[in-house]
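S.K.: Protein sequence lines, in the order shown, are assigned to chains L and B. Its first residue numbered 1, the first sequence is counted upward by one per residue in the UniProt record's numbering. Its first residue numbered 1, the second sequence is counted upward by one per residue in the UniProt record's numbering.
Protein chains: 2
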Amino acid sequence: MPAISRPTSKDVAQEAGVSQSTVSLVLGGKWTGRVSPATARSVRDAAERLGYRPNQAARNLRLGTTRTVLLMVPTLTAPFFGPVYTGAARVAARHGFGVVVSTWPDDAEGPAESPFGSDEAIDGVLASSIAADALGRFRETPAVMLDSGPGGGVPTVDFGVADGMRAIAGHLGALGHRRFGHVAAGVDQWTFRARAEALAGTVAALPGGVLSRDTCAIDVTSAKDAALRLLTAPGPPTVLVCDDDLIAAGAYKAARALGLDVPGDLSITGFDDVLLATALEPELTTVRLPAEELGAQGMTALLDLLAGERPEPRVLPGELVVRESTAPPGEGGDKGRRV
Amino acid sequence: MPAISRPTSKDVAQEAGVSQSTVSLVLGGKWTGRVSPATARSVRDAAERLGYRPNQAARNLRLGTTRTVLLMVPTLTAPFFGPVYTGAARVAARHGFGVVVSTWPDDAEGPAESPFGSDEAIDGVLASSIAADALGRFRETPAVMLDSGPGGGVPTVDFGVADGMRAIAGHLGALGHRRFGHVAAGVDQWTFRARAEALAGTVAALPGGVLSRDTCAIDVTSAKDAALRLLTAPGPPTVLVCDDDLIAAGAYKAARALGLDVPGDLSITGFDDVLLATALEPELTTVRLPAEELGAQGMTALLDLLAGERPEPRVLPGELVVRESTAPPGEGGDKGRRV
DNA sequence: CTGAAAGCGCTTACAG
DNA sequence: CTGAAAGCGCTTACAG
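1. Is the Cβ of Gly98 (chain L) closer than 8 Å to any Cβ of chain B?
2. List, in chain order, every chain L residue whose beta-carbon is nearer than 9 Å to that of Gly82 (chain B).
3. Just to confirm my understanding: we take Val35 (chain B), look at its own chain, exclude 5 residues before and 5 after, and list those with CB closer than 7 Å. What are they?
4. Step through the CB atoms of chain L and report whether any lies within less than 8 Å of the CB of Gln20 (chain B).
5. Would you mind reading off the limits of the beta strand (DSSP E) that contains residue 346 (chain L)?
6. Would you say Leu266 (chain L) lies against chain B (beta-carbon separation less than 8 Å)?
7. My parser needs the alpha helix (DSSP H) runs of 4 or more residues fully inside the segment 42-82 of chain L; what are they?
8. Please list the terminal residues of the continuous alpha helix (DSSP H) segment that includes Thr202 (chain L).
9. Check each candidate in L:Ser267, L:Gly250 and L:Leu316 and name the one with the smallest Cα separation from Leu276 (chain L).
10. Counting Cβ pairs closer than 8 Å, one from the segment 72-88 of chain B and one from the segment 280-293 of chain B, do we hit at least three?
11. Let me check one thing: in DSSP terms, what residues is Glu324 (chain B) bridge-paired to?
12. In chain L, which residues lie with their C-beta within 7 Å of the C-beta of Lys253 (chain B)?
13. Please confirm whether Gly17 (chain B) has its beta-carbon closer than 8 Å to some beta-carbon of chain L.
14. Quick one: give me the first and last residue of the beta strand (DSSP E) that Val157 (chain B) is part of.
15. Output the distance between the C-alpha atoms of Arg166 (chain B) and Thr202 (chain B), rounded to the nearest integer angstrom.
16. Please confirm whether Leu146 (chain B) and Leu172 (chain B) have their CB atoms less than 8 Å apart.
17. Does DSSP classify Ala143 (chain B) as helix, strand or coil?
18. If you measure from the beta carbon of Val220 (chain B) to each beta carbon in chain L, is any gap under 8 Å?
19. Roughly how far, in whole angstroms, is the beta-carbon of Thr8 (chain L) from the beta-carbon of Asn55 (chain L), given that I think they are within contact range, below 8 Å?
20. When you compare only the Cα positions, how much space is there between residue 344 (chain L) and Gly29 (chain B)?
21. Please name the residue or residues paired with Leu126 (chain L) in a DSSP beta bridge.
22. Tell me whether Val315 (chain L) sits in a helix, a strand or coil according to DSSP, three-state version.
23. At 7 Å on the CB atoms, spell out the chain B contacts of Val101 (chain L), in chain order.
24. Tell me the rounded alpha-carbon separation between Thr66 (chain B) and Pro83 (chain L).
25. Report the rounded CA-to-CA distance for Asn305 (chain B) versus Arg288 (chain B), giving the unit in angstroms.
26. Do you know offhand how far Lys10 (chain L)'s Cα is from Gly51 (chain L)'s?
27. Any idea what DSSP makes of Ala184 (chain B), helix, strand or coil?
28. Between Thr202 (chain L) and chain B, is the shortest Cβ-Cβ distance under 8 Å, so that the two count as touching?
29. DSSP three-state label for Glu294 (chain L), please.
30. Answer yes or no: do Pro237 (chain B) and Arg179 (chain B) have a C-beta to C-beta separation smaller than 8 Å?
31. Indicate the three-state DSSP secondary structure (helix, strand or coil) for Ala112 (chain B) in the structure shown.
32. Alpha carbon to alpha carbon, what distance is there between Ala296 (chain B) and Gly64 (chain L)?
33. So, does the CB of Arg256 (chain L) fall closer than 8 Å to a CB anywhere in chain B?
34. Within its chain, find whatever has a CB closer than 7 Å to the CB of Gly117 (chain L); leave out the 5 residues flanking it on each side and keep chain order.
35. Can the beta-carbon of Val183 (chain B) be found less than 8 Å from the beta-carbon of Leu230 (chain B)?
36. Just the chain B side, please: which residues come within less than 8 Å of Leu275 (chain L) by C-beta, in chain order?
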């Protein structure tokens with residue numbers, strides 16, 4: 001029950017002294033060569049005067065569209081996806097589109113149990129952090145893949161994670177580190193495979209470089225356990241390269257549990273640069289991934305696709321952010337240890 | 001462009017051998033006494049067979065609704081609002097509603113510059129963490145206030161923050177603390193006023209209880225500075241009660257900067273229980289606020305309101321979560337200090 | 001250059 | 001108990 005009934009295109013037509021068709025043509029931007037400039041101007045003035053806003057429901061009904069886009073993400077709880085949604089919703093709103101969110105139905109229950117209205121009618125989908133061939137029933141729907149790697153015959157927007165990881169490894173190598181431990185996310189996604197590969201490559205190219213690896217779930221406790229295993233193995237690493245900031249938080253805990261000072265005894269790096277990175281002590285050296293930009297660029301690409309264009313693949317570079325959790329190896333000795 | 005044109009109510013009518021009206025009546029749940037049970041059954045079977053889903057655009061046009069609800073929050077960057085949105089969107093989707101998000105236009109620019117489509121047509125608004133009299137142009141729109149305190153003549157859903165704060169202060173008092181420092185959010189919201197009041201009341205009731213207070217923005221750096229001021233004043237507190245978890249992270253930094261062990265030399269508490277709380281070392285004693293539940297209950301209330309009911313005010317209790325950041329005062333002495 | 005008309009898919013009086 | 005018809009507000013051939 002809207003407070004006051006809004007003006008319709010009919011009202012605008014009457015106010016401007018023209019027909020509804022003319023109003024639609026002018027306001028829809030399809031008037032050049034079909035309506036005189038003077039008439040167009042008076043229609044626009046009338047619309048402005050009345051505060052006219054087209055009724056989307058009527059528009060959608062007529063056009064057979066929904067002006068709704070579905071954003072699918074692996075999980076809602078990771079701090080990473082909030083900004084992705086924000087970015088996507090911001091550009092969507094600018095074009096009169098809404099965004100609904102759904103998680104990938106790997107929760108065993110299957111699509112039917114998906115908490116959100118994923119079976120509602122949509123015009124397109126933004127699929128984040130998933131393999132292109134997992135699109136499933138959205139195969140038929142215009143789609144853009146986010147953070148899922150190139151290929152798959154679908155437009156993509158990705159982060160330059162390999163470059164980001166090389167920047168981290170390079171920074172660490174320059175500091176003098178040779179013994180690397182990789183606390184890897186045990187999640188089968190392109191982004192983590194790319195990180196692992198880039199790290200392995202860079203360490204292998206380093207004279208005397210050695211890399212050990214352990215895998216964990218993306219939560220603090222699991223990460224701490226994995227870090228502990230790496231740190232207590234013979235010939236332990238002098239740096240723990242973590243697949244994301246949350247995992248790095250777990251690595252901090254492992255370090256403290258072993259009485260290791262960060263970065264004196266052990267350097268630690270993250271990935272993503274979420275809020276947590278500066279809340280930790282010492283503040284975390286990490287790679288900033290422009291998550292909001294990912295959502296925004298993804299939505300832009302999807303809108304282009306819907307308009308019949310063929311958007312080019314895009315790569316958003318990450319940025320190495322050096323803070324206080326990295327230092328030359330062994331510098332700290334035992335002085336920073338706590339009992 | 002949907003892959004295949006979806007079946008309409010006309011198709012269902014034909015399949016069931018009845019009229020479109022009957023289909024609408026049956027599927028709309030308004031058939032009792034107007035359609036025979038046998039007919040109703042056959043309509044439902046036909047709809048099922050065809051996989052019929054009503055066209056929302058047509059429905060909205062006919063009914064004059066939008067099936068869209070606006071969620072307004074103070075800021076999108078705080079980790080607290082993600083779950084609120086999730087909870088709201090979950091119950092909204094169950095009723096065929098969408099949720100759009102907008103932030104309060106305190107960004108100087110005013111409503112016109114609001115990033116989201118806040119001037120799009122909506123059926124109702126969920127207003128979070130704001131004074132009821134700040135509803136502005138949504139005064140006319142059905143609204144539910146979230147986390148904004150009771151009163152204002154609008155249905156409300158709130159957290160039991162006063163009780164939560166009393167639980168924290170009680171826990172601390174039982175541990176033996178008497179000198180309290182309050183690192184308060186310098187934000188004029190009901191929830192923070194309620195926290196301050198509850199803390200002051202509980203400390204005042206404690207024999208020998210004394211309370212100092214300093215104010216900060218809700219970010220780590222500002223919180224660290226405020227904590228530092230409290231800690232370096234004469235007769236410093238033995239515990240820092242922080243208005244939220246992020247502020248507590250700042251307090252941790254202040255403690256480390258001063259060489260104070262947590263909780264040996266100084267206890268610290270937070271509020272909210274976001275992800276950060278367990279990522280910190282030591283893990284944070286805090287009050288868990290059911291943010292997702294706030295969104296869900298708020299949306300339920302709004303849907304009730306839209307259905308013509310008058311939802312009762314609701315209060316969602318917080319839960320004290322005791323972790324490792326609190327201990328009896330002075331226990332640590334100087335042993336935990338770092339140089 | 002402009003207008004009259006059809007129709008998108010619903011829901012709801014209204015008539016029977 | 002059931003159906004024919006109107007109309008929500010748009011956009012787009014079509015006619016002039």
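Backbone N, C-alpha and C define an ideal beta-carbon position, used for all residues, glycine too. If you're wondering where the values come from, they're calculated on a predicted model, not measured in any experiment.
M.R.: Taking the coordinates as given:
1. On the first sequence, position 98 is the one that residue 98 (chain L) refers to. At least one chain B Cβ lies under 8 Å of Gly98 (chain L).
2. Taking the first residue of the second sequence as 1, we reach residue 82 (chain B) at position 82. By Cβ distance, chain L contributes Leu76, Thr77, Pro79, Phe81, Gly82 and Tyr85.
3. To locate residue 35 (chain B), count along the second sequence from 1; it is residue 35. Cβ neighbours of Val35 (chain B) beyond the five flanking positions: Thr22, Leu25 and Val26.
4. Start at 1 with the first residue of the second sequence, and residue 20 (chain B) comes out as number 20. So, not an interface residue.
5. An answer regarding residue 346 (chain L) cannot be provided, because it is not within the stretch 1 to 339 covered by chain L.
6. Sequence index remark: in the first sequence, residue 266 (chain L) carries index 266 (1-based). False, the Cβ-Cβ gap to chain B never drops below 8 Å.
7. 56-63
8. Start at 1 with the first residue of the first sequence, and residue 202 (chain L) comes out as number 202. Looking at the DSSP string, the run of the alpha helix (DSSP H) that includes Thr202 (chain L) is Trp190 to Ala204.
9. Taking the first sequence and counting its residues from 1, the one referred to as residue 276 (chain L) is at position 276. Residue L:Gly250 is the option with its Cα nearest to Leu276 (chain L).
10. yes
11. The count along the second sequence starts at 1 and reaches residue 324 (chain B) at position 324. Paired residue(s): none; Glu324 (chain B) is not in a bridge.
12. As a working note, residue 253 (chain B) is residue 253 in the second sequence. Simply Glu281.
13. Here residue 17 (chain B) corresponds to residue number 17 of the second sequence, with the count starting at 1. Answer no: the Cβ-Cβ gap between Gly17 (chain B) and chain L never drops below 8 Å.
14. As a working mapping, residue 157 (chain B) is identified with position 157 in the second sequence. From DSSP, the beta strand (DSSP E) with Val157 (chain B) extends over Thr156 to Gly160.
15. Within the second sequence, residue 166 (chain B) is the residue found at index 166, counting from 1. Within the second sequence, residue 202 (chain B) is the residue found at index 202, counting from 1. Looking at the two C-alpha atoms, the distance is approximately 6 Å.
16. Stepping through the second sequence from its first residue, residue 146 (chain B) is reached at position 146. Stepping through the second sequence from its first residue, residue 172 (chain B) is reached at position 172. Going by C-beta atoms, Leu146 (chain B) is not nearer than 8 Å to Leu172 (chain B).
17. As a first step, residue 143 (chain B) must be located in the second sequence, where it is residue number 143. Note: Ala143 (chain B) maps to strand in three-state DSSP.
18. For this step, residue 220 (chain B) is matched to residue 220 along the second sequence. So, interface residue.
19. The count along the first sequence starts at 1 and reaches residue 8 (chain L) at position 8. The count along the first sequence starts at 1 and reaches residue 55 (chain L) at position 55. Right, the Cβ-Cβ distance comes to about 7 Å (below 8 Å), so this counts as a contact.
20. This structure leaves residue 344 (chain L) out entirely; chain L is present only between 1 and 339.
21. Counting from one through the first sequence, the residue named residue 126 (chain L) turns up at place 126. Its beta-bridge partners are L:Leu71 and L:Val144.
22. Stepping through the first sequence from its first residue, residue 315 (chain L) is reached at position 315. Reduced to three states, the DSSP call for Val315 (chain L) is strand.
23. Working through the first sequence from its first residue, we reach residue 101 (chain L) at position 101. Those are Ala89, listed as they occur along chain B.
24. Here residue 66 (chain B) refers to the residue found at position 66 when the second sequence is read from its first residue. Here residue 83 (chain L) refers to the residue found at position 83 when the first sequence is read from its first residue. Each residue's Cα considered, the two are about 26 Å apart.
25. Residue mapping note: residue 305 (chain B) aligns to position 305 of the second sequence, counting from 1. Residue mapping note: residue 288 (chain B) aligns to position 288 of the second sequence, counting from 1. Asn is not the amino acid found at residue 305 (chain B); the sequence shown has Leu there. For Leu305 (chain B) and Arg288 (chain B), the distance between alpha carbons rounds to 28 Å.
26. The count along the first sequence starts at 1 and reaches residue 10 (chain L) at position 10. The count along the first sequence starts at 1 and reaches residue 51 (chain L) at position 51. The straight-line gap from Cα to Cα measures roughly 13 Å.
27. Locating residue 184 (chain B) in the second sequence gives position 184, where the first residue counts as 1. Ala184 (chain B) falls in the strand class under three-state DSSP.
28. In the first sequence, the residue the question calls residue 202 (chain L) occupies position 202. By this cut-off, Thr202 (chain L) is not an interface position.
29. Looking up residue 294 (chain L) in the first sequence gives position 294. One point to set straight first is that residue 294 (chain L) is Leu, not Glu, in the sequence displayed. DSSP places Leu294 (chain L) in helix when its eight states are reduced to three.
30. Taking the second sequence and counting its residues from 1, one reaches residue 237 (chain B) at position 237. Taking the second sequence and counting its residues from 1, one reaches residue 179 (chain B) at position 179. Yes, the Cβ-Cβ distance between Pro237 (chain B) and Arg179 (chain B) is below 8 Å.
31. Working through the second sequence from its first residue, we reach residue 112 (chain B) at position 112. Its pLDDT being 34, under 50, Ala112 (chain B) is placed unreliably by the model, and the measurement read from it follows with that caveat. Helix, per DSSP.
32. Position 64 of the first sequence, counted from the start, is the residue given in the question as residue 64 (chain L). Position 296 of the second sequence, counted from the start, is the residue given in the question as residue 296 (chain B). So the two alpha carbons sit approximately 31 Å from each other.
33. Numbered from its first residue, the first sequence carries residue 256 (chain L) at position 256. It does: the Cβ of Arg256 (chain L) has a partner Cβ on chain B nearer than 8 Å.
34. Within the first sequence, the letter at position 117 stands for residue 117 (chain L). Below a pLDDT of 50, predicted positions are generally treated as unreliable, and Gly117 (chain L), at 48, falls in that range; the measurement from the model is reported next regardless. Result list for Gly117 (chain L): Val100, in chain order.
35. By 1-based counting over the second sequence, the position of residue 183 (chain B) is 183. By 1-based counting over the second sequence, the position of residue 230 (chain B) is 230. Contact flag set, yes.
36. The sequence position of residue 275 (chain L) within the first sequence is 275, counting from 1. Under the 8 Å cutoff, chain B gives Thr77, Pro79, Leu246 and Leu276.
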